[in-house]
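Peer 1: Structure in structure tokens, see below.
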Amino acid sequence: MPNYVSIEFAASVLRGCDRILVVGCSANGKSTLSRNLSCNFGMPHISMDREVLWKPGWVLRNRQEQREIIAKLVQQDRWVMDGTNPSSLDIRLPRADLVIWTRMPRATAYYGLAKRCLRYRGEVRTDMADGCPEQLPDLEFLSYIWNFEKNHAPKCIRGFDEFGPLTPVTILKSHREARRFLELGASAR
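Structure follows, in structure tokens:
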């Protein structure tokens, strides 16, 4: 069983954290939360999409290359790493001091995706690799979001349990909870 902790407890330990892993479904606020944590706590922000997964032109790196990059990145002293990818939890979780799981309803993710597409269409977001401009989502990506809880959440839970059984995991179920978490964390500094 993962080491689930309350939002209040997670916010109270932020002060002592050097490495924070932010996971969750696409388009539900992981990157925004990660940037805020990075800024508020002076930690480098590592975006899995930008640094690990994608090459220019939406070319996905092969799994071995991804794992090699991740293995180097997690050796840094301090970071906020934004990205789910359950297949690499074996590398990332042993180095993490805290896991924040943005586990929001799929409607929140779809709304976030629509906002993102409207705001950045044709532009490269700061959290995305160079040469990967925002585009309209295809059916595969929409299906990924729709089925995240069924297909990917169980893999995350198994990964938390297997590779970070003592690492605190807090779940944020709304943007309101994310804002509250940041406020509590800021007051705990």
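Here my numbering is used: the first residue of the sequence shown is -13, the next is one more, and so on.
Even glycine gets a Cβ: it sits at the ideal position worked out from N, Cα and C.
Compute the distance between the beta-carbons of residue 90 and residue 6, then report whether it is under 9 angstroms.
Peer 2: Counting from one through the sequence shown, the residue named residue 90 turns up at place 104. Counting from one through the sequence shown, the residue named residue 6 turns up at place 20. No, these two residues do not count as a Cβ contact at 9 angstroms.
Peer 1: Based on the DSSP output, what are the partners of residue 30 in its beta bridges?
Peer 2: Taking the first residue of the sequence shown as position 1, residue 30 is located at position 44. In DSSP, residue 30 forms no bridge with anything.
Peer 1: How do the region 161 to 168 and the region 121 to 129 stand: do at least 3 beta-carbon pairs fall below 8 angstroms, yes or no?
Peer 2: no
Peer 1: When the Cα of residue 110 is compared with those of 24, 120 and 12, which residue comes out closest?
Peer 2: Position 124 of the sequence shown, counted from the start, is the residue given in the question as residue 110. Cα-wise, what sits closest to residue 110 is 120.
Peer 1: Which two residues bound the contiguous beta strand (DSSP E) that contains residue 10?
Peer 2: The count along the sequence shown starts at 1 and reaches residue 10 at position 24. That run of the beta strand (DSSP E) goes 5 to 10.
Peer 1: According to the neighbour-count rule (16 or more other Cβ atoms, all chains shown, within 10 Å of its Cβ), is residue 13 buried or exposed?
Peer 2: Position 27 of the sequence shown holds residue 13. The residue in question, residue 13, is buried, as its Cβ has 16 or more Cβ neighbours within 10 Å.
Peer 1: Give me whichever residues DSSP pairs with residue -11 in a beta bridge.
Peer 2: Numbered from its first residue, the sequence shown carries residue -11 at position 3. According to DSSP, residue -11 bridges with 154.
Peer 1: Which residue's Cα is closest to the Cα of residue 77: 145, 2, 172 and 42?
Peer 2: Locating residue 77 in the sequence shown gives position 91, where the first residue counts as 1. Proximity to residue 77 across 145, 2, 172 and 42 peaks at 145, based on C-alpha coordinates.
Peer 1: On the three-state DSSP scale, how would you describe residue 88?
Peer 2: As a first step, residue 88 is located in the sequence shown; it is residue number 102 there, counting from the start. Note: residue 88 maps to strand in three-state DSSP.
Peer 1: How would you call residue 154, buried or exposed, if buried means at least 16 neighbouring beta carbons within 10 angstroms?
Peer 2: Residue 154 sits at position 168 when you count from the first residue of the sequence shown. Flag for residue 154 reads buried.
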